[in-house]
Amino acid sequence: SVLNEKFVYNLLHQYRIFNAEVLVREDVTLDDFIDVVVGGRIHLPCLYVYNKIDAITIEEIDKIAREDHTIVVSIEKDLNMDTLKHTIWEYLNLLRVYTKRHGEFPDFSEGLILRTGATVEDACRAIHKTLLDSFKYALVWGKSAKHNPQRAGLTHALSNDDVIEIVRK
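Numbered by the numbering used here, the letters in the sequence shown go through residues 1 to 169 in order.
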């Protein structure tokens, strides 16, 4: 472990902790220890996007592209833009759910953008805040449905590209 007594002592004094017993039962990094002392920190995933790859050699592109959390693109020549969009979508944990009115085809031009793990209740809130008051059930088509359509309640978890029809009281 890179964690030593002098570092712990100095860090605790910086945060005005003068009388503490520190017990570490596993191998921790300096960042892990700082996170415990400071608290309330959230680590977000980072994606490095390198543009203008058309201006460097293929060897340099290969070296950059092999790094973790990295995408190489060329906006001018429209290279790798679809991969960038897909990767951003994954990093943000988003899913798209399409809505449908009774007796009509689904509107695939605009979908609801929700977080991964969203439920029918979350979709109702995204459509309108008063929709939950008159909610009866939902009909769901797509990966999350056992059969198409599946009658679902508010707690039904939605998947990417599902189609949902809200039935009101």
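For glycine and all other residues, C-beta sits at the position ideal for the given N, C-alpha and C.
Opposing strand residues paired with residue i [DSSP bridges]
i, result
"Leu139", "Arg151 and Glu165"
"Ile113", "Arg96"
"Tyr50", "Val72"
"Leu84", "According to DSSP, Leu84 bridges with nothing at all."
"Leu79", "Ser74"
"Thr119", "Ala157"
Check whether residue i and residue j have beta carbons under 7 Å apart
i, j, result
"Val95", "Leu114", "What sits at residue 95 in the sequence shown is Leu, not Val. Closer than 7 Å, so yes."
"Val97", "Ala123", "yes"
"Leu84", "Val72", "no"
"Glu110", "Leu154", "no"
"Val140", "Ala152", "yes"
Whole-angstrom C-beta distance between residue j and residue i, which should lie under 8 Å
i, j, result
"Leu3", "Val37", "The pair is not a contact, with the Cβ atoms about 12 Å apart (cut-off 8 Å)."
"His13", "Pro45", "Actually they do not touch by this definition, with Cβ atoms about 32 Å apart."
"Asp54", "Lys77", "5 Å"
"Thr119", "Leu158", "7 Å"
Burial state of residue i (16 or more Cβ within 10 Å)
i, result
"Ile42", "exposed"
"His156", "buried"
"Asp162", "buried"
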